[in-house]
Each structure stands twice: as structure tokens, then as C-alpha cells.
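Structure, as C-alpha cells:
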Amino acid sequence: MTLDEIAYNLLNLMRGGKSNQDETISLSQIKFNVKHYRAMFLRRDFTKNGYISNHSEQDLGCVELKKVNASQCCNLPVTYDVFRTVEKIPKAVRFNFEDALTYVGDVTGTKRIPLISSQTIQFLPYDTYTKGKYKAYMIKDYLYIYNADGIDTINVRGIFEDPEEVSKFAKCEKGECYDAANDPFPISMDMLNLINKGITSGELTLLSGTFSDTLNDRMQDPTPGGARPRQQQQEQ
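Residues in the sequence shown are numbered from 3 upward in steps of one, following the working numbering.
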């Protein structure tokens, strides 16, 4: 199911299939809550089972790198450059002690580059065995590659908080990147059932008391007793 289909299904559950163009519950609000519950349940599932379903993983495709000065201060450059992604990496779901980036590596998707803390980079030149190897680290949502001479493109996969951000980030010539309007929402069906239950018993319960405008007059429908809400009477 696409995100639109999931949102419409939730709206129909609350309205008994009688929603209309003047519906007071916003589909954008429903989609936001779907993403929120998805991130929360994925984190809980990983904490409990230590497992990531490939149905939740998304591929950013070919991610371009550029050479930048290693300093984080524009007016205080340092003596060496590093390679950094041109675009910010979409925010990943937070797992126990790390972000849910499942793969950083070459464009074949098979040769992994270890993702380490940025605080350990200063010690790599003194590492006898791996000081010449590629290492990846994150600073301010940008992904940096240590010892990246010779590569200008990498592949990144992960479990991202907002799946729709992937469609804005990735540019795939083969058309294999995530299309939010047409591709299935990255979640397994059993977890989608949990999301539906969580939303219908939580946020949408508060909104379900809002009357729809089935009369198409830009006002809430009359209450069962026949009178309109007091605020609308005052406006008239």
C-alpha cells in the first residue's frame, strides 16, 4: 500500500466510508502520524528483536561526494580536506546507540565502508592496520568519508524517519528510487496493522468527534438534535 492509500484507509475507518471534499481531518495530518508511529514501532521492534526487515529499508541510490575543508568553521580553515556528501542525508530512525544507516559503501552495494564516530577520526592515523582504509562518519546530517581519494560516489541505505524525503534526495536514472505516490510505503503489513490500531485508538479518536461537512456548505453538519454548533450560529 502507498502512503496515500494508508491515509485514505484510516480516514474511511473513522468516517465509515463517508468522507467528502470538506473533510475536517487533514490527510497530511494522518500521514504525519503514520510516519511517527512507523519510526516508533521500528525502533521498539529493533530494541526487542534486534532485526531490521528489508521491507523497511530504503536505498538513496548514487550519493555524490565533494571535497571540502575539514574545518567546521568557515573563517578557520585547517590544512587538509575531506570528502563529504553534496546533500544532507535524510534523518534516520534512532536505534539503541546509533542511527539506522544499514549500509554505507561502494556503488555496487556490496563493499561496506565502516561507519564510526567522528570523535575517533583523530586516532586513525595511528592505527597500524586500518589507517589507510575508508571510514565513514556523520556531522550535521552530512556523511563524510575518511581517506576517500579515488571515489566520488557512494551508496547509502537505511531506515529513514520520513520515507518521502528519499524521493527528494535520490536521483536515479533507471527510475528505481522511491516514488511516494506509486511505490509501497516501506513497512511490513503486520507492522502496518499496529500503526492503524495505534492511530485509530489515539490521535484520530480525538478528531473523530469533529463533524464532517456532508452538506457541502463549508460548515459543520447539524448535531443529531438539529441545531448547528453554537459558534456557527454566532457567525450567522
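The beta carbon of each residue, even a glycine, is placed where N, CA and C say it ideally should be.
| Item | Value |
| --- | --- |
| Residues of its chain near R40, where Cβ-Cβ distance is below 7 angstroms and the 5 sequence neighbours each way are ignored | I189, I197 |
| Given V70 as reference, the closest of R114, T202, Y146 once Cα atoms are compared | Y146 |
| Check whether G63 and Y105 have beta carbons under 9 angstroms apart | no |
| Contact check, I115 vs K137, beta carbons under 9 angstroms | yes |
| One or two residues paired with L71 in a DSSP bridge | The sequence given here has Asn at residue 71, not Leu. Paired residue(s): D83. |
| CA nearest to the CA of Y148, picked from L117, T49, A9 | L117 |
| As assigned by DSSP and simplified to three states, the class of Y10 | helix |
| Sub-9 angstroms separation of E163 and A94 beta-carbons | yes |
| Simplified DSSP state of N261, which is helix, strand or coil | Missing from the structure shown is residue 261; the chain here goes from 3 to 238 and no further. |
| Selection from R86, Q60, I156, V36 that minimises the alpha carbon distance to G200 | V36 |
| Straight-line Cα distance separating Q124 from M191 | 44 angstroms |
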